[in-house]
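Undergrad: Below you'll find the structure I mean.
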Amino acid sequence: MLEITDLHASVGDKPILKGLTLSIPAGEVHAIMGPNGAGKSTLANVLGGKPGYEVTGGSVTFRGQDLLALEPHERAAAGLFLGFQYPVEIPGVSNVQFLREALNAQRKARGEEPLSGGEFLKRAKDKAALLRMDMEMLKRQVNVGFSGGEKKRAEMVQMGILDPAFAVLDETDSGLDIDALRVVGAGINAIMRAPEKAVLLITHYQRLLDVVKPDRVSILAGGRIVETGGPELALRLEAEGYDAVMA
Amino acid sequence: MAEAATLTLPTRRDEAWRYADMDALARLGVAALDQWKEITLAPGETRRHAMAVGSAAPELHRIRLDIGEGARAELFVTNAGGDYTRVEVEVRLAKGAHFEFGGVTIGGAGVTREFVTQVVHAEAQATSNQTVRAVHWAGATGNFLGEIKVARHAQKTDAAQDFKGLLLEAGASANAVPQLEIFADDVKCAHGATVGELDEAARFYMMARGLDPATAQRLLVQAFIGDAFVALEDEAERETLLDAALAALEGAKL
Numbered sequence: 314m315l316e317i318t319d320l321h322a323s324v325g326d327k328p329i330l331k332g333l334t335l336s337i338p339a340g341e342v343h344a345i346m347g348p349n350g351a352g353k354s355t356l357a358n359v360l361g362g363k364p365g366y367e368v369t370g371g372s373v374t375f376r377g378q379d380l381l382a383l384e385p386h387e388r389a390a391a392g393l394f395l396g397f398q399y400p401v402e403i404p405g406v407s408n409v410q411f412l413r414e415a416l417n418a419q420r421k422a423r424g425e426e427p428l429s430g431g432e433f434l435k436r437a438k439d440k441a442a443l444l445r446m447d448m449e450m451l452k453r454q455v456n457v458g459f460s461g462g463e464k465k466r467a468e469m470v471q472m473g474i475l476d477p478a479f480a481v482l483d484e485t486d487s488g489l490d491i492d493a494l495r496v497v498g499a500g501i502n503a504i505m506r507a508p509e510k511a512v513l514l515i516t517h518y519q520r521l522l523d524v525v526k527p528d529r530v531s532i533l534a535g536g537r538i539v540e541t542g543g544p545e546l547a548l549r550l551e552a553e554g555y556d557a558v559m560a
Numbered sequence: 024m025a026e027a028a029t030l031t032l033p034t035r036r037d038e039a040w041r042y043a044d045m046d047a048l049a050r051l052g053v054a055a056l057d058q059w060k061e062i063t064l065a066p067g068e069t070r071r072h073a074m075a076v077g078s079a080a081p082e083l084h085r086i087r088l089d090i091g092e093g094a095r096a097e098l099f100v101t102n103a104g105g106d107y108t109r110v111e112v113e114v115r116l117a118k119g120a121h122f123e124f125g126g127v128t129i130g131g132a133g134v135t136r137e138f139v140t141q142v143v144h145a146e147a148q149a150t151s152n153q154t155v156r157a158v159h160w161a162g163a164t165g166n167f168l169g170e171i172k173v174a175r176h177a178q179k180t181d182a183a184q185d186f187k188g189l190l191l192e193a194g195a196s197a198n199a200v201p202q203l204e205i206f207a208d209d210v211k212c213a214h215g216a217t218v219g220e221l222d223e224a225a226r227f228y229m230m231a232r233g234l235d236p237a238t239a240q241r242l243l244v245q246a247f248i249g250d251a252f253v254a255l256e257d258e259a260e261r262e263t264l265l266d267a268a269l270a271a272l273e274g275a276k277l
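Okay, structure coming up:
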């Protein structure tokens with residue numbers, strides 16, 4: 314589903330990704346772990362198309378398309394969802410308006426009919442309930458006044474409503490207490506665990522992987538994937554640390 | 024504002040005209056300066072007016088409001104002129120009266136659009152609240168010159184002015200000139216002015232969720248200018264003013 318080949322990317326003049334190769338087939342949850350500064354967030358931002366991240370080499374193919382040739386909104390319409398490490402506050406715009414416009418923009422780009430207000434609200438209610446989020450919060454301004462944990466749950470509600478084929482989740486577990494972590498993890502499973510979907514899960518910690526059990530785990534260090542294995546690799550990292558495992 | 028028997032065009036040395044488009048004013052002609060719309064509110068009366076101004080030609084709208092004791096006047100304006108467009112409001116507040124003003128200047132094409140207000144708190148306990156938003160691009164200018172005068176006996180005056188400018192590209196400008204003249208001692212007068220650019224982080228966040236650049240910009244601008252019309256309770260009127268403003272956004276720099 315997602316093929317990353319020899320990807321090089323810089324922020325400013327600083328090379329961060331230095332020949333990253335990774336393939337994620339449909340049906341797979343792939344966890345990426347790695348020390349600070351390894352390039353994990355850069356990978357997420359490059360996949361999302363964030364301005365300021367310059368691809369200097371390599372390719373990314375998503376469902377047969379050249380992902381890097383697409384604008385951020387075209388990537389979303391193609392089925393890519395980027396879960397933000399730091400979700401952005403948008404004063405004056407309600408979640409409901411934002412998500413309905415976003416969903417219908419995606420549907421329009423795919424040649425689908427827009428969802429009516431009633432259909433949209435029903436879907437929003439279902440997904441809010443899944444993430445145990447009060448529907449009243451969705452009527453409020455996007456992320457404004459939300460706690461760190463609420464922002465992350467709101468990201469997952471957004472993911473549920475937009476129903477992407479592929480999710481890149483950048484440290485979705487940061488800022489979550491243990492109960493919220495379970496809710497978010499269960500949400501990821503419910504929304505994204507399907508044979509035709511896949512997830513790239515960026516995390517520092519094993520605890521999210523106890524809930525969202527990855528099929529494969531890769532270690533990102535120095536801008537490239539240095540090792541890929543099964544779920545046991547994450548457990549070894551947790552027990553021994555990056556230095557020992559990568560030595 | 025001084026008025027001579029024979030009207031002459033003002034110059035930019037006149038404080039209230041310092042950012043005006045004098046060429047456009049000359050095209051408009053001196054007679055336009057004499058056309059004040061005078062409105063008097065009886066004690067206790069409430070009146071609201073919402074209007075979208077602007078056309079392909081210069082426009083000057085001059086309004087005088089005499090607001091009686093305990094009366095309330097609300098004025099909301101979208102100024103999206105295709106040429107120099109100036110809305111001037113002179114207000115006199117009697118005891119306990121209120122003046123509410125919400126204004127938006129929006130547009131490009133190198134045009135100047137402006138609001139000039141003079142609010143006189145002539146008696147005690149009157150309140151006024153003015154919220155102006157300016158969104159400009161393509162060398163255009165948005166101005167808010169807001170004068171507040173508090174008379175000697177106008178104790179317990181509460182006057183507020185809030186201006187925010189949003190510039191979509193370099194070369195556009197926004198000017199805020201608050202002017203306070205306070206002769207009473209027990210008053211509250213607040214004013215604030217900021218000018219900034221579109222929030223790029225918010226724009227990327229919206230695009231990452233599937234909104235194209237124009238839609239993301241429209242939503243952000245809508246949220247930005249919405250402050251000016253929050254106090255406008257009639258939803259249909261609010262929609263009309265917002266729509267007029269957002270229609271002007273079509274073709275703006277992304």
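Top line first, the protein sequences correspond to chains A and B. The first sequence lines up with residues 314 to 560 when you count with the working numbering. The second sequence lines up with residues 24 to 277 when you count with the working numbering. Beta carbons: idealized from backbone N, C-alpha and C, even for Gly.
1) For Ile515 of chain A, write down the residues that DSSP places opposite it in a beta bridge.
2) Per DSSP, what kind of secondary structure is Ala27 of chain B in: helix, strand or coil?
3) Under 8 Å between the Cβ atoms of Glu170 of chain B and Thr140 of chain B?
4) Look at the alpha carbon of Leu269 of chain B and the alpha carbon of Val100 of chain B, and state the distance between them as a whole number of angstroms.
5) By how many angstroms is the C-alpha of Leu443 of chain A removed from the C-alpha of Ile474 of chain A?
6) Find the nearest neighbour of Ala157 of chain B within the set B:Arg136, B:His176, B:Arg175 and B:His144, judged by alpha-carbon distance.
7) Looking at the ligand COA, does it come within less than 7 Å of Tyr399 of chain A, judged from the CB to the closest heavy atom?
8) Kindly indicate which three-state DSSP category Gly119 of chain B falls into: helix, strand or coil?
9) Nearest by alpha-carbon distance to Met229 of chain B: which of A:Phe375, A:Ile317, A:His386 and A:Tyr366 is it?
10) Applying a beta-carbon distance threshold of less than 8 Å, which residues of chain A neighbour Glu223 of chain B?
11) Under 7 Å Cβ to Cβ from Tyr366 of chain A, same chain only, skipping five residues before and after it: list those, please.
12) Cutting at 8 Å between CB atoms, please list the residues of its own chain near Glu551 of chain A, excluding the five before and the five after it.
13) What does Phe479 of chain A touch in chain B if you count any residue whose Cβ is under 7 Å from its own?
14) Between Val440 of chain A and Phe459 of chain A, what straight-line distance do the alpha-carbon atoms span, to the nearest angstrom?
15) The beta strand (DSSP E) spanning Gln184 of chain B covers which residue range?
16) Which residues, in chain order, does the segment 316-335 of chain A contribute to contact with chain B at a C-beta distance below 8 Å?
17) Helix, strand or coil: how does DSSP classify Asn417 of chain A here?
18) Shortest alpha-carbon distance to Thr108 of chain B belongs to which of B:Gly91, B:Ala43 and B:Arg70?
19) Report buried or exposed for Glu258 of chain B, applying the criterion of at least 16 other Cβ atoms within 10 angstroms of its Cβ.
20) Short check: CB of Ala415 of chain A to CB of Gly233 of chain B, under 8 Å?
TA: Let me lay it out:
1) Beta-bridge annotation (DSSP): Ile515 of chain A is paired with A:Ile345 and A:Asp483.
2) Low confidence applies here, because Ala27 of chain B scores a pLDDT of 48, under 50, leaving its location unreliable; read the following figure in that light. Coil.
3) Cβ distance < 8 Å, so Glu170 of chain B and Thr140 of chain B count as in contact.
4) Using only the alpha carbons, I get a separation of about 13 Å.
5) Ile474 of chain A and Leu443 of chain A: Cα-Cα distance of roughly 11 Å.
6) Shortest Cα-Cα distance from Ala157 of chain B to any of B:Arg136, B:His176, B:Arg175 and B:His144 involves B:Arg136.
7) You won't find the ligand COA in this model; it holds no ligand whatsoever.
8) Residue state, collapsed to three classes: coil.
9) Closest option to Met229 of chain B, Cα to Cα, is A:His386.
10) By Cβ distance, chain A contributes Pro364.
11) Excluding residues up to 5 positions away in sequence, Ala322, Val324, Thr355, Asn358 and Val359 lie with their Cβ nearer than 7 Å to the Cβ of Tyr366 of chain A in the same chain.
12) The answer, listed in chain order, is Tyr518 and Gln519.
13) Here the premise fails: no neighbours, minimum Cβ distance about 13 Å.
14) For the record, residue 440 of chain A in the displayed sequence is Lys; it is not Val. Looking at the two C-alpha atoms, the distance is approximately 18 Å.
15) From DSSP, the beta strand (DSSP E) with Gln184 of chain B extends over Asp181 to Leu190.
16) Of all residues in the segment 316-335 of chain A, none has a C-beta nearer than 8 Å to a C-beta of chain B.
17) It is helical.
18) Its Cα nearest to that of Thr108 of chain B, the residue B:Ala43 stands out among B:Gly91, B:Ala43 and B:Arg70.
19) By the neighbour-count criterion, in which a residue is buried when 16 or more other Cβ atoms sit within 10 angstroms of its Cβ, Glu258 of chain B is exposed.
20) Yes. Within cutoff.
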